[in-house]
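In my numbering, the protein residues as written are 44 to 650.
Put into structure tokens, the structure is as follows:
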């Protein structure tokens, strides 16, 4: 294939892998030239130059990109609409000794935002009340009952984090009872806002700061920078030590990664610097959670997103929604260990619940996909008794399995379903859900392109399913036509060493909008393979020079490529995956997370 005209070459001839994917180079010829220029300018390995070029890093910015500076990337907080009003009002409250309350969301972004703000305020002698709503009882965002409860507890200023931009009813009640409100949020909003003292949200349509990619915890940190500046201007630190904001960046990194916001600009600096803070283990609760998660060595975005985040989320999904915030803001080791142990137990319960729901959901999906001459464009699954806090995870799993938008719904005894949907690139699920609400097919619903939530009556499901297939059928067909795995480069097991990983780390952190590099390893002998844990496949890959590379394919035991690995001992396979450092008993070694497998004998499976 000629890549000079913008087309990208097929890697190792893999037209159809065991996951039915074509493997393509991330870069065309123009991109490869850019990669070479970056390599020469930075004196990094060629494969790292490819990674940077593949993520649209300009040649002139490559050196600075490898060392992101919070100072250079931090905007003036005042550029955000209402930021100065928010800072001045909270500074007034602190100096007057006014009771402050915090209202956060029940996910990781909400927990980290609430803990960040609470820790800062407590360093100044304030003792804020914190309210984290119950996912099932309260639902999302402030409500009149919670507002009255906080006011009755003495609060006269309410700061909401990761919510509040659309809380009209709650804030009308706040105004009626004399509770002033400052909102710190990042969610998409319409032109109309609730009436509050200050609403800081870079996604307001009248906000031109360019910081709409920030998670709520990133907005909250910017607010603290502005508040700190205002307090310093007023001389508040003449007799008191100024809070060390940089020491709180571990919380900012955690919330940023777990909310899956784009890791670009300020977000990337937040995570790079926050991981350094986290490695020092100064946050007692976070340290306890890392211990019970068996996280050793330097933390990475993977650890945050797949080990720490799910445990914090478990409280909001099936337990006490405030546990995550309490853990992240506690300073007593005994309390931290107790909360971490509770979150670990809840996470195990969530996993067991998810396994049962997923088994039932997979049965429904299989029947619709395999037992149907015309499979649906959008999968709808659900059952009585499913837990509403877990349906998003089920939708995500089935979406990955069948590569099409999926909804999972939990129905109560009255036949009302609470559902969560996950989409594929190129299919806007949120707009379809909002349209279904307008047509009366759903009780309520909303979201964005890749994820949506809804409430639906059971008797409307068939009509809703027909609507989705008609509305999104062509989009799903186009999005599914070319199912490919994008590859950054080709490596051998010997080339996948700690030295390369150290240099790749400088091109990270990797996550949303800054994709983790994927490498292809050609014709690698499978020296050993076995099932470990809950359906994972552990593999030892052999190099021609005698090098061994440890690898793992998560939840792959029942997947086609997992079965191929287990049956290929002593035989070579093309392997595609992402590299990381595995630290075991203090010893660091490279490790590969296997994403896909193909047959080197023909470059493909199933051709």
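We put the CB at the ideal spot given by N, CA and C, even for glycine.
Within the same chain, Cβ atoms closer than 7 Å to the Cβ of residue 255 are found at 245 and 246, the five residues on either side in sequence being excluded. Here the segment 552 to 568 makes no contact with the segment 350 to 358; the two share fewer than three CB pairs at distances below 8 Å. The beta carbon of residue 504 sits closer than 7 Å to the beta carbons of 423 from its chain, once the five residues preceding and following it are set aside; these are given in chain order. In the structure shown, residue 406 falls within a helical segment according to DSSP collapsed to helix, strand and coil. A distance of 8 Å or more separates the beta carbons of residue 141 and residue 193.
Residue 332: not part of any beta strand (DSSP E); member of the alpha helix (DSSP H) spanning 327 to 335, first to last residue. DSSP places residue 487 outside any alpha helix (DSSP H); the residue lies instead in the beta strand (DSSP E), whose first and last residues are 487 to 490. Secondary structure at residue 149: coil, using DSSP grouped into helix, strand and coil.
Assigned with DSSP and collapsed to three states, residue 565 falls in strand. Per DSSP, residue 349 lies in no beta strand (DSSP E) and is assigned neither H nor E.
Put simply, the segment 518 to 529 does not touch the segment 492 to 510. Fewer than three CB pairs are less than 8 Å apart. By the 16-neighbour rule on beta-carbons within 10 angstroms, residue 413 is exposed.
One Cα belongs to residue 490, the other to residue 476, and the distance between them is close to 8 Å. Assigned with DSSP and collapsed to three states, residue 621 falls in strand. Within the segment 254 to 292, the alpha helix (DSSP H) runs of at least 4 residues that lie entirely inside it are, in chain order, 259 to 276.
Residue 452: member of the beta strand (DSSP E) spanning 449 to 454, first to last residue. A residue is called buried when at least 16 other Cβ atoms come within 10 angstroms of its Cβ; residue 219 does not meet this threshold and is exposed.
Checking the DSSP bridge columns, you'll see residue 243 partnered with 227. Taking 8 Å as the cut-off, the Cβ atoms of residue 295 and residue 269 do not count as close. For residue 568 and residue 588, the gap between their C-alpha atoms comes out near 12 Å. Here residue 169 has 137 and 143 as same chain residues with Cβ atoms under 7 Å from its own Cβ, once five neighbours each way along the sequence are excluded. Just measuring C-alpha positions, the residue of 57, 479 and 146 sitting nearest residue 368 is 146. Setting aside the 5 residues that flank it on each side, residue 248 is surrounded in the same chain by 234, each with a C-beta closer than 6 Å to its C-beta; the list follows chain order. By alpha-carbon distance to residue 635, the top candidate from 578, 551 and 541 is 541. About 7 Å separates the beta carbon of residue 304 from that of residue 257, a gap short enough to meet the 8 Å contact definition.
Note on geometry: alpha-carbon atoms of residue 314 and residue 579 lie some 29 Å from one another. With 16 or more other Cβ atoms inside 10 Å of its own Cβ, residue 242 counts as buried.
The segment 365 to 379 and the segment 321 to 336 touch, with three or more beta-carbon pairs separated by less than 8 Å.
Here residue 518 carries a helix assignment [DSSP, helix/strand/coil].
A direct Cα-to-Cα measurement between residue 536 and residue 544 gives close to 12 Å. Excluding five sequence positions before and after residue 232, the CB atoms of its chain that fall closer than 7 Å to its own CB belong to 208, 209, 244, 246 and 247, given in chain order.
Within the DSSP bridge table, the entry for residue 528 names 66 as partners.
In the structure shown, residue 534 adopts coil according to DSSP, grouped into three states. Where residue 459 is concerned, the enclosing beta strand (DSSP E) starts and stops at 459 to 465. Distance from the CA of residue 396 to the CA of residue 402, rounded to the nearest whole angstrom, comes to 10 Å. Spanning the alpha carbons of residue 100 and residue 533 requires a straight line of approximately 21 Å.
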